[in-house]
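For reference, the structure discussed in these notes is given below.
Number of protein chains: 2
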Amino acid sequence: MSLDAVLSRIDADLDAATDRLKDLLRIPSISTDPAFKADCDRAADWLVADLQSMGIEASKRATPGHPMVVGHIDGPGPHVLFYGHYDVQPVDPLELWDRDPFDPQVEDTPKGRVIRGRGSSDDKGQLMTFLEACRAYKEETGTLPCRITFLFEGEEESGSPSLVPFLKDNAEELRADIALICDTGLFDSRVPAITTMLRGLLGEELTITGPSKDLHSGMYGGPAINPIRVLSRIIAGLHDAEGRVTVPGFYDGVPELSPEVAEQWRRLGFDEAAFLGDVGLTTPAGEHGRSALEMIWSRPTCEVNGISGGYTGDGFKTVLPSKARAKISFRLVGQQDPHVIRENFRAYVKEQLPPDCSVEFHDHGASSASTMPTDHPAFEAARHAMTDEWPDPAAYIGSGGSIPIAGHFQDILGMDSMLIGFGKDDDQIHSPNEKYDLESFHKGTRSWARILEALKVT
Amino acid sequence: MSLDAVLSRIDADLDAATDRLKDLLRIPSISTDPAFKADCDRAADWLVADLQSMGIEASKRATPGHPMVVGHIDGPGPHVLFYGHYDVQPVDPLELWDRDPFDPQVEDTPKGRVIRGRGSSDDKGQLMTFLEACRAYKEETGTLPCRITFLFEGEEESGSPSLVPFLKDNAEELRADIALICDTGLFDSRVPAITTMLRGLLGEELTITGPSKDLHSGMYGGPAINPIRVLSRIIAGLHDAEGRVTVPGFYDGVPELSPEVAEQWRRLGFDEAAFLGDVGLTTPAGEHGRSALEMIWSRPTCEVNGISGGYTGDGFKTVLPSKARAKISFRLVGQQDPHVIRENFRAYVKEQLPPDCSVEFHDHGASSASTMPTDHPAFEAARHAMTDEWPDPAAYIGSGGSIPIAGHFQDILGMDSMLIGFGKDDDQIHSPNEKYDLESFHKGTRSWARILEALKVT
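The structure is reproduced here in structure tokens:
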């Protein structure tokens, strides 16, 4: 059977595949920082060349921001759209990395071999599992089992400003029978997963201004309002004593879990103590009366992602600053409306401003939560295909992270998505020393070969 | 009479004196930032050379930090120690400066001519008023009216770590009949002042650690404790609804103003609305029921001088950070004990830490408040000498800023201090676009000539 030959070829090709991934990881394609614009472009070129090397028609498409990469190849099965992103998160604080984040290397660790470097897991390593599966399939059989459209984005880590216009402008070209999105994780190292619940994300930046300029805290401390103190009070008030978000109307549209899903999640045997212990914690800090898995997969949150104001360098400066700033994000679930929540948040902040303070808001994007239709036949086909590859049966799970692309595919292209990925909780994505398990890369590639084979006959 | 000739020489020499000050201002002697170590050294060398050019015996003295400059010259009157500091504050945010902070220039403004540049008022312009008075006096008369010891420090803006050991090691050499400290301001442009009440200062930096590393706010937001939120809650709790500091025991040793001093301050006719209006404010934000002048001169405060945590660059990063940091200072009055307050503050913070959070503290120095003995004959002599120079009589005032040197002179050298300076509230010291009025520089120099002449016969 040809699938076995494809899988054997994937096994034989692992070292070369790893080298290809390392090539891509060397490109510092940090999308949020304008200093890396040329590198983002270079990563797009690399993907175009890689697709073309497999005989896939591919091109780089300009956007007002970083380019998209689009590829097409025909095949006998249904038409699938594969999505990944080639941009990566910033690397600061750089001093916490044990190696240059853009000099990737395979390392032996107590938990197995890993590929270390920024983007290894999020999302270059993941998207390359699919490309390597396609490569092996094509080389072994001369064709691909499905008609495939490839879409690689370069702005996923910076709010995807060009994505919606691009999908709208190219809807006919991109619409397929189903989308495959590779930007999620395994449930654990034995249980692969299809993510069927995604939280939405709302990003806000607020800048509070008090005095018209920075002041000396000796000459003005006392009578002059301090915007750091004002901002701290607002942040402190965003959660009540039960850990619930206090923005008015925040819980409108937040559903309770159905008993079936709650039971399915209980059966997963999520190890809350290990999950927290891995990052030095012992006690769930969020909403009282909710399990950690609920908090991450099915409850909305509000987090402060950054704060700054006054003098933050070495030493001490007795400044009473004019401005203080915070970046705040909300993770959304169910039917929560990001636009209503943004307005309610802004009104809530304004109501709490003392005299002489003003606030400016900066919108860092918004997306609703998504829930996937697991009754679509592709879901069970894919779940069985993955079950064949991994020790334990594949599961339908939720995700704390926000992958707005699935909602956009639904809204703009009228297309459902299967979110399948091979990341692990300890991959340290968005953090120093990001890694991707070599096993994730290898079995991920094998999984895609199995899934494509299974989809061929759906 | 020789004083008139000295004053005329000061008038004639103003342009050359301004050029000398600009030379000193060009040296970016930012003491808190190790990148400017060589510049601090260069500023010290400049002062040694300037003293020597007047026939004053002078030398640079090494310390574990930036050097001290010490000079000596004999004279018929009492022995005075003159103190100033040659180091300056950092210049960030640089983008708010209208010119290079280290390319000083004389500018015409609607309020008169000013010398613009970092350190123009704090403290290079101020210390040069005294040197220019000495230069004119010496050039005109061939001698100086008092025996003078000069002490210039290079760490005043970074907590003065070397000062106390240096004073102890050189007590015999530095002890004088009285100290003259030039680092304070006029009451207003008509009323010169001797500052007789100084607030103390306590600097603390705290770093709160939650998770052992930076996390993805999607994967961990909810169950993982966020140190920015913890820090915000602690800061928000540092003041009660009446604007009073909540650290236990904080108000121990805080005296109420005597009716005499309160009445004297009322007579000064301080324009609270103008003071606040100058910096874009309308409403005193501090302790309820206290005037702005009380808040600055005779009440203790707690301010946040800097805060940082998470991602603070351009764009957005959905990080849940491991650490958050704040720089907090307390201004102290009366008999408040900075060491007790430091311990109480640290205990207070620790008590409020939720599970899984730890805190580290960094001590940024401490000094007690000082009150000067205005019954010492030098005070009235100096007050009358200044009254001769300015439109309205000189006043005894308080100061919101902290000048710990006066306390150290008292404790280590057993010597009282007169704090006389010519800065103005709108000098923007510690802020972008710092300036020193040319009138402050000119009449300040003339004031010192008068004061030295008056002290000669005390």
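As you go down the protein sequences, you meet chains A and B in turn. For the first sequence, the numbering used here begins at 1 and goes up steadily by one. For the second sequence, the numbering used here begins at 1 and goes up steadily by one. Note that the Cβ used here is the ideal one computed from N, Cα and C, for glycine as well. Please read all numbers here as calculations on a predicted model, not as lab measurements.
What does DSSP give as the partner residues of residue i in its beta bridges?
i	result
Ser308 (chain A)	A:Arg325 and B:Ser308
Gln105 (chain B)	B:Arg116
Thr445 (chain B)	Paired residues: none, contrary to the question.
Ser367 (chain B)	B:Leu201
Ser417 (chain B)	B:Ala179
Cys357 (chain A)	DSSP lists no partner for Cys357 (chain A).
Leu206 (chain A)	A:Ala326 and A:Phe361
Val319 (chain A)	A:His216
Ala224 (chain B)	B:Gly221
Val245 (chain B)	B:His239
Val88 (chain A)	A:Ile30
Evaluate residue i with the Cβ neighbour count: other Cβ atoms within 10 Å of its Cβ, from every protein chain shown; 16 or more gives buried, anything less gives exposed.
i	result
Arg89 (chain B)	Correcting the residue identity first, residue 89 (chain B) is Gln in this sequence and not Arg. Burial call: buried.
Gln428 (chain B)	buried
Glu303 (chain A)	buried
Gly277 (chain A)	exposed
Thr109 (chain B)	exposed
Leu96 (chain A)	exposed
Glu351 (chain B)	exposed
Gln126 (chain A)	buried
Ser329 (chain B)	buried
Ser120 (chain B)	buried
Val340 (chain A)	exposed
Asp169 (chain B)	exposed
Ser370 (chain B)	buried
Lys327 (chain A)	buried
Asp437 (chain A)	buried
Mind checking which residues open and close the beta strand (DSSP E) that includes residue i?
i	result
Lys435 (chain A)	Lys435 to Asp437
Gly84 (chain A)	Gly77 to His85
Glu57 (chain A)	Glu57 to Arg61
Glu95 (chain A)	Neither: Glu95 (chain A) is in no beta strand (DSSP E) and is coded neither H nor E.
Gly398 (chain A)	Ala395 to Ser399
Met386 (chain A)	Looking at the DSSP string, Met386 (chain A) is not in any beta strand (DSSP E); the run it does join, the alpha helix (DSSP H), is Pro377 to Glu389.
Arg147 (chain B)	Cys146 to Glu153
His239 (chain B)	No beta strand (DSSP E) holds His239 (chain B); DSSP gives it neither H nor E.
Asp73 (chain B)	Per the sequence shown, the amino acid found at residue 73 (chain B) is Ile instead of Asp. Met68 to Ile73 is the extent of the beta strand (DSSP E) around Ile73 (chain B).
Our contact map puts residue i next to residue j with C-beta atoms below 8 Å; I'd like the distance itself, whole angstroms only.
i	j	result
Pro223 (chain B)	Ala285 (chain A)	6 Å
Glu204 (chain A)	His364 (chain A)	6 Å
Ile178 (chain A)	Ala378 (chain A)	5 Å
Pro192 (chain A)	Met386 (chain A)	4 Å
Thr195 (chain B)	Lys323 (chain B)	About 39 Å separates the two Cβ atoms, so there is no contact after all.
Ser212 (chain A)	Lys424 (chain A)	So it is not a contact: roughly 50 Å between Cβ atoms.
Leu419 (chain B)	Leu320 (chain B)	Between Leu320 (chain B) and Leu419 (chain B) the Cβ distance is about 48 Å, and since that is not below 8 Å, they are no contact.
Arg133 (chain B)	Leu452 (chain B)	First, the residue type needs correcting, since residue 133 (chain B) is Ala and not Arg in the sequence shown. With a Cβ gap of about 7 Å, Ala133 (chain B) and Leu452 (chain B) count as contacting.
Leu25 (chain A)	Gly117 (chain A)	4 Å
Lys199 (chain B)	Val333 (chain B)	Looking at the sequence itself, residue 199 (chain B) is Arg, so the reference to Lys does not match. Correct: roughly 6 Å between the Cβ atoms.
Thr318 (chain B)	Asn344 (chain A)	About 21 Å separates the two Cβ atoms, so there is no contact after all.
Phe130 (chain A)	Trp448 (chain A)	5 Å
Return the first residue and the last residue of the alpha helix (DSSP H) that residue i is part of.
i	result
Ser53 (chain B)	Lys37 to Ser53
His288 (chain A)	His288 (chain A) -> no alpha helix (DSSP H), and no H or E assigned at all.
Gly125 (chain A)	Lys124 to Thr141
Val6 (chain B)	Ser2 to Ala12
His430 (chain B)	First-last for His430 (chain B): undefined, no H or E at that position.
Arg264 (chain A)	According to the sequence shown, residue 264 (chain A) is Gln rather than Arg. Where Gln264 (chain A) is concerned, the enclosing alpha helix (DSSP H) stretches over Pro259 to Arg267.
Pro165 (chain A)	Leu163 to Asp169
Glu156 (chain A)	Premise fails: Glu156 (chain A) is in no alpha helix (DSSP H) and is neither H nor E.
Leu276 (chain A)	Glu272 to Gly277
Ile341 (chain A)	Pro338 to Glu351
On the three-pair Cβ rule with 8 Å, is the region 69–76 of chain B touching the region 143–156 of chain B? yes
Can at least three beta-carbon pairs, one atom from the region 442–449 of chain A and one from the region 7–19 of chain A, be found at a separation below 8 Å? yes
Under 8 Å, with one C-beta from each stretch per pair, do the region 280–300 of chain A and the region 154–173 of chain A reach the 3-pair mark? With the cut-off at 8 Å, the region 280–300 of chain A and the region 154–173 of chain A do not touch.
Quick check: the region 158–167 of chain A against the region 52–67 of chain A, are there 3 or more CB pairs under 8 Å? The region 52–67 of chain A and the region 158–167 of chain A touch, with three or more beta-carbon pairs separated by less than 8 Å.
Evaluate the contact criterion for the region 295–314 of chain B versus the region 215–222 of chain A: three or more CB pairs, one atom per stretch, below 8 Å. yes
With a threshold of 8 Å, are at least 3 pairs of Cβ atoms found where one atom belongs to the region 50–59 of chain A and the other to the region 79–87 of chain A? No: fewer than three Cβ pairs fall under 8 Å.
Quick check: the region 229–237 of chain A against the region 228–237 of chain B, are at least 3 beta-carbon pairs closer than 8 Å? yes
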